[in-house]
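Colleague: Residue numbers (my numbering): 932 to 991.
Positions of the beta carbon are idealized from the N, C-alpha and C atoms, including for glycine.
Note that the structure is predicted; figures quoted are calculated from it, not measured.
To start, I am sharing the structure in question, which I have written as structure tokens.
And the structure:
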């Protein structure tokens with residue numbers, strides 16, 4: 932994770948600790964896990980259909 936600061940046409944990146952973002956990272960991982968479980972459950976039902984496209988529509 933980084934913070935971006937701009938001043939006088941100069942951009943500076945400041946690295947931040949990921950420990951402060953553990954809740955955000957954990958939520959992201961839970962969402963990814965749920966998406967993959969959803970795909971696994973419906974994959975057999977989607978024979979002959981664009982599985983990834985159909986699943987991606989659910990998450991957009």
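Between the Cα of residue 944 and the Cα atoms of 951, 935, 963 and 961, which residue gives the shortest distance?
Modeller: With distances taken between Cα atoms, residue 944 lies closest to 935.
Colleague: Cβ of residue 940 versus every heavy atom of the ligand SAM: is any distance shorter than 7 Å?
Modeller: No copy of the ligand SAM appears in this structure; indeed no ligand is present at all.
Colleague: Would residue 933 and residue 947 be called neighbours here (beta carbons separated by less than 8 Å)?
Modeller: Yes, Cβ-Cβ distance for residue 933 and residue 947 is below 8 Å.
Colleague: Would a C-beta distance cut-off of 8 Å place residue 963 and residue 956 closer than the cut-off?
Modeller: In this structure, residue 956 does not lie closer than 8 Å to residue 963 by Cβ.
Colleague: Could you check the C-alpha separation between residue 942 and residue 969 for me, to the nearest Å?
Modeller: Approximately 41 Å, taken between the alpha carbons.
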